[in-house]
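Asker: Have a look at this one before I ask anything.
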Amino acid sequence: MRGIKTNRFIGIIVAGALTLVMSSIPSHVNAANSPILDSNGKTFSTLDDAIQNGSGHIILQENLTQQQMVVEKGKTIQLDLNGKKLTLQKDNGPGLTVQGSLEIKGNGTLTKEGYGYLIDNSGTLNIVNGTYTDDINNEKEQNGTKNSALIRNLGTMTIHDGTFTDSGIVIKNDDSSAQVYGNLTIKGGTYHCTSDKSFANIQNSGVATIEDGTFDGGNYTILTRFWKGPAKTTITGGHFKQSLKDNYVFANYFDTQGGTTVNHISGGTFEGNFGADKIGENSPTGQVNTIISGGQFDNDVNTFLEQGYSCVKVNNVYKVAKSATGITLSEAKKTLLVGSELALKATVTPSTTLDQVTWSSSDSKIATVNANGVITAVKEGTAIITAKVGSFSANCKVTVQAIKADIPNVDLSKPDTTVKVGISDNNSQTTIINTVNDIVKDILNGQQVAENILSHETAYKVEKAILDNQTITVKAKSQILQESAIKQEELQKIKDVLKVSNGTTQTSPKIVQYIDLSMMLIANNNEELGSLYQLNKPITYTLTLPSNLKAEGKTFYVIRLHDGKADKLATTLNSDGTLSFSTDRFSTYALVYEENVEINSTDNLEKNPTNVKTSDENQTILWISIASLALVSGIVLILDKKRKDLLNK
């Protein structure tokens, strides 16, 4: 009996406990099927219940259709759509009224059935993301549209992202009748007006700042409407499109007189007509109500530019950026050879400007310049190359020099008593100039020149002369040498070559004359800088012979002694009786001939010709045929004093 009583007592206690637990759950909630959850895990069946009794963080658990939602003044609510769809049913009134503070996030969909605003905000509204639209199938059409506006803002509203679609105005930042104006900030999102009968996509009579986003549709994509409020629109970025050719992508509308606030556009891309600065019968005169300092447009917006900015057409669109405030050139003066080129670089400030640089020459017969600043030297003279941007310009004085050759003619009608040496073809002259030009470029670029071409000491002197603004001239020289002036070991090397070359059908070789051939680099102060030892390819020398050496039966050749090595060089007998040979090195040469008769010995070499005069047998300097390769009386190589600027690009 005691056990039965005890079990009954325990049963009574458990039943009582269950009754207490069940009584703690609100009778209006079905926990198993509740569509709404708050951050504390409480569940609700209606939004109003969640707003009034929840934690303030509402999470939608499933798609939900309810009557209008109201966030009263003093309430702070966060609505997480959680990817779900919330449909609000309210005809002739807003679906969501915000008087307090509301944040919407969760990438869901918020829509409304019935005519009226989807959202009417007079408090603080922060939209993070989501899709916002009217259910146009359940709307009444008024004035050609299904709705007056998707969202009306009379408070403070910030939109970070989202998709907003409506047949009427997408966002209306005002209440003109009540003279209440909102503060709107758009940081991104997509805004689409589906009807061309809608007055605007975004209508602002308050203060609106658009930083980014995509906007299209409506009679006016962005409309600033002046009532009696501030009516100021600031655009720093975004993509704005107006596909109707007679409508405008941006415009100002004046319903009342006295609108003086200036809109400011500093960025963004505007497709469609831009230029309706004043619309309406109360439009003010004598003032510009839109100032532009940046952005890209389909038409010229020069009339709206802020002072110090330019509108430039680039690839069929108009871009706005700061105007140029100055220009400099990479060269203030330059000396060029005829036919050479130089690319001038123009530096424009500020670097962000889009103003185009134009180039011109004061005398295109002397030097031309193309649209990229590349100068071409045409003929001798001086021309001023000008680069202009906006009202600023910079000049480069270009002096053009010609490559000339003063080549005395060798008079073959008079008997020759000595051997004369000359350079007789233009190709050889060009080779000399090109070689020296390449060498100097290497020097000024900091590259080391091989010592078999130019000594380090000479290279240093050349560089110093150029930096001192000296002109470098290359002169070709020829000097008759006496055998006594040649070292014995060098003579022996020449004679060794002669022994090897002699055959049984020729007499002993006879040395007609020793000659020193050289190329000297000279500054225009007549300072000899040093010798050039070798060219980049051979040139041709021509020799005239005394008449007593022109008998038939002689074979002439040249022995070259260079860097301690003796080489035999063949000669060519020309139709005018002269000889020619090719060489790319400058040092001691011996002109030799052999008679074509059989001999028995090769030991007796004649050291000097028996009947050849050698200019009174003195070591006389003979300028070769081209005399000197100089600017006025010869071939010139013009070199500028600046190291890298020497290079003609």
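According to mature numbering (1 follows the signal peptide of the UniProt record, and there is no 0), the stretch in the sequence shown is residues -31 to -1, 1 to 618, in order.
Note that CB positions come from ideal geometry on N, CA and C, so glycine has one too.
#1: May I ask which residues mark the beginning and end of the alpha helix (DSSP H) holding Leu16?
#2: Only counting runs of 4 or more residues, tell me where the alpha helix (DSSP H) segments fall wholly within the stretch 496 to 575, in order along the chain.
#3: Helix, strand or coil, according to DSSP, for Thr387 in the structure here?
#4: Alpha carbons only, please: which of Gly69, Asp143 and Thr56 is nearest the one belonging to Ile20?
#5: Taking just the CA atoms, how far does Asp130 sit from Val281?
#6: What does a CB cutoff of less than 6 Å around Thr178 pick up in its chain, not counting 5 residues either side in sequence?
#7: Can you give me the C-alpha to C-alpha distance between Asp269 and Ala290, rounded to a whole angstrom?
#8: Is Thr205 a contact residue of the ligand FAD, with contact defined as CB to any heavy atom under 6 Å?
#9: Grab the span of the beta strand (DSSP E) containing Ile335 for me, first residue to last.
#10: Taking the beta carbon of Thr552 as the centre, do at least 16 other beta carbons fall within 10 Å, making it buried, or is it exposed?
#11: Taking three-plus beta-carbon pairs below 8 Å as touching, is the stretch 326 to 340 in contact with the stretch 271 to 285?
#12: Let me confirm a value: Thr327 is counted as buried when at least 16 other C-beta atoms fall within 10 Å, else exposed. Which label applies?
#13: Quickly, what does DSSP pair Ala346 with across the bridge? List them, please.
#14: Please state whether the Cβ-Cβ distance between Ile138 and Ser167 is less than 7 Å.
#15: Which partner residues does Ala118 have in the DSSP bridge list?
#16: Considering only the beta carbon of each residue, do Val317 and Ile296 sit closer than 7 Å?
#17: With the cut-off set at 7 Å, would you say Val561 and Pro507 are in Cβ contact?
#18: Taking contact to mean at least 3 C-beta pairs separated by less than 8 Å, is the stretch 30 to 37 in contact with the stretch 54 to 61?
#19: In chain order, what residues of the same chain have a beta carbon less than 7 Å from the beta carbon of Leu498, not counting five sequence neighbours either side?
#20: According to DSSP, simplified to helix, strand and coil, what is Ile234?
#21: Identify whether Asp324 lies in helix, strand or coil by the three-state DSSP scheme.
#22: Counting only the same chain and skipping the five closest in sequence on each side, list residues whose C-beta sits under 7 Å from that of residue 620.
#23: To the nearest angstrom, how far is the alpha carbon of Leu313 from that of Val307?
#24: Is it the case that the Cβ atoms of Glu349 and Val369 are separated by a distance below 7 Å?
#25: Smallest Cα separation from Leu87: which of Tyr101, Val97, Leu94 and Asn76?
#26: Measuring CA to CA, which of Tyr160, Ala340, Asn61 and Thr547 is closest to Val390?
#27: Throw me the rounded Cβ distance for the Gly241 and Tyr217 pair, which I believe falls under 8 Å.
#28: When the Cα of Leu287 is compared with those of Asn271, Phe266 and Ile480, which residue comes out closest?
#29: On a CA-only basis, which of Gly186, Lys201 and Met126 is nearest Thr193? Give me that one, please.
#30: Ala301: buried (16+ other C-beta within 10 angstroms of its C-beta) or exposed?
#31: Given a cut-off of 7 Å on the beta-carbon distance, is the pair Asn170 and Gly151 in contact?
#32: Would you identify the three-state DSSP class for Tyr86, choosing helix, strand or coil?
#33: Can you look up Asn587 in the DSSP assignment and give me helix, strand or coil?
#34: Spell out the partners DSSP gives Thr125 in its beta bridges.
#35: Compare the C-alpha of Leu213 against each of Leu29, Asn95 and Phe243 and name the closest.
#36: Does DSSP put Asp185 in a helix, a strand or coil?
Answerer: If we stick to the structure as given:
#1: Leu16 to Asn22
#2: none
#3: coil
#4: Gly69
#5: 32 Å
#6: Thr154 and Thr203
#7: 13 Å
#8: Because no ligand of any kind appears in the structure shown, any question about the ligand FAD cannot be addressed here.
#9: Run containing Ile335: none; DSSP gives neither H nor E here.
#10: buried
#11: no
#12: exposed
#13: Ala336
#14: yes
#15: Ile138
#16: yes
#17: no
#18: yes
#19: Thr427, Lys430, Val431, Ala434, Leu490, Ile491 and Ala492
#20: strand
#21: coil
#22: Nothing about residue 620 can be reported from this structure: the residues present for the chain run from -31 to 618 only.
#23: 17 Å
#24: yes
#25: Tyr101
#26: Thr547
#27: 7 Å
#28: According to the sequence shown, residue 287 is Tyr rather than Leu. Of Asn271, Phe266 and Ile480, the residue nearest in Cα terms is Phe266.
#29: Lys201
#30: exposed
#31: no
#32: coil
#33: Low local confidence applies: a pLDDT of 34 at Asn587 is under 50, so the model's placement there is unreliable, with the coordinate-based value given in what follows. Note: Asn587 maps to coil in three-state DSSP.
#34: Thr93 and Asn152
#35: Phe243
#36: strand
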